[in-house]
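Report on the structure given below.
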Amino acid sequence: MAILLIPVAVAINMAGFGIVKLLQLPIFLDTVGTIFISFLAGPWIGAIAAILTSIVSGMFDPVYLAYIPTSVFLALVAGFLARFKFGNNVIIKIAVSSLILTTVAVVVSAPITVLVFGGSTGNMTSSITGLFLASGKQIWEAVISSTIITEFADKLVTVIICILILKSMSSRYLIKFKFGEKYINKSEK
Numbered sequence: 026m027a028i029l030l031i032p033v034a035v036a037i038n039m040a041g042f043g044i045v046k047l048l049q050l051p052i053f054l055d056t057v058g059t060i061f062i063s064f065l066a067g068p069w070i071g072a073i074a075a076i077l078t079s080i081v082s083g084m085f086d087p088v089y090l091a092y093i094p095t096s097v098f099l100a101l102v103a104g105f106l107a108r109f110k111f112g113n114n115v116i117i118k119i120a121v122s123s124l125i126l127t128t129v130a131v132v133v134s135a136p137i138t139v140l141v142f143g144g145s146t147g148n149m150t151s152s153i154t155g156l157f158l159a160s161g162k163q164i165w166e167a168v169i170s171s172t173i174i175t176e177f178a179d180k181l182v183t184v185i186i187c188i189l190i191l192k193s194m195s196s197r198y199l200i201k202f203k204f205g206e207k208y209i210n211k212s213e214k
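The sequence shown runs contiguously to residue 214 in our numbering.
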């Protein structure tokens with residue numbers, strides 16, 4: 026069942042990628058499907074969806090190919106986070122997951138942005154980096170600062186979307202997946 030969801034996750038990621046490109050948003054939304062499938066089916070299924078998404082996105086914008094490690098690490102960490110029920114408190118799960126995923130994204134993405142692209146990838150995040158550079162910050166500080174801002178906004182929206190989708194799914198469907206039971210309300214059991 027989980028393997029059948031990989032194309033769905035890639036399609037969700039591509040829809041997020043398309044919306045961001047169309048509207049020139051300073052966030053990414055290209056990991057919604059990856060985080061969703063990692064929360065539901067585990068880290069390795071999520072990692073496959075992440076790699077496939079990066080390859081497809083890379084056909085439209087080659088910059089995305091350099092960020093394959095970021096997507097894979099996000100899938101692995103999201104799959105790890107799926108193991109925890111957080112006392113069935115949605116707000117705590119959203120907050121903790123968003124912060125942890127943001128940290129992972131910053132730690133993996135910032136060095137790629139600086140070392141591979143010299144601090145500018147040509148997307149809306151680069152304009153935020155430019156603002157920090159114009160204010161006198163050094164390249165590493167500017168990239169890390171802009172990455173923290175954009176990644177936190179992106180991961181917060183991503184995790185909220187994923188949790189809302191998971192909470193709206195039927196328990197009969199959720200139970201078929203590795204971590205699906207974690208999202209079933211106690212009243213449905």
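Note that beta-carbon positions come from the ideal geometry of N, C-alpha and C, so glycine has one too.
Keep in mind that this is a model prediction, so the values were computed, not measured.
- Contact between the region 129 to 142 and the region 83 to 95 is established, with three or more Cβ pairs separated by less than 8 Å.
- Contact check for V33 against I62 passes: the beta carbons are separated by less than 9 Å.
- Rounded to the nearest whole angstrom, the CA to CA distance from M149 to L48 is 10 Å.
- Taking C-alpha positions only, M26 is separated from L126 by approximately 25 Å.
- Ranked by Cα distance from T183, the first of F202, T56, F42 and G43 is T56.
- For L90, same chain residues with a beta-carbon under 7 Å away, outside a window of 5 residues either side, are S79 and G83 in chain order.
- In the three-state reduction of the DSSP assignment, L191 falls in the helix class.
- With respect to the C-alpha of F142, the residue from V121, A120, L50 and V168 having the closest C-alpha is V168.
- Taken through DSSP and simplified to helix, strand or coil, P87 comes out as coil.
- For G144 and I164, the gap between their C-alpha atoms comes out near 7 Å.
- In this structure, L99 is the residue among L99, G147, N210 and L65 with its C-alpha nearest to the C-alpha of D179.
- The beta-carbon distance between F105 and P68, rounded to whole angstroms, is 6 Å. This is short enough to meet the 8 Å contact definition.
- Under the 10 Å beta carbon count, Y198 is surrounded by fewer than 16 other beta carbons and is classified as exposed.
- Membership of R197 in the alpha helix (DSSP H) is indicated by the continuous run S196 to L199.
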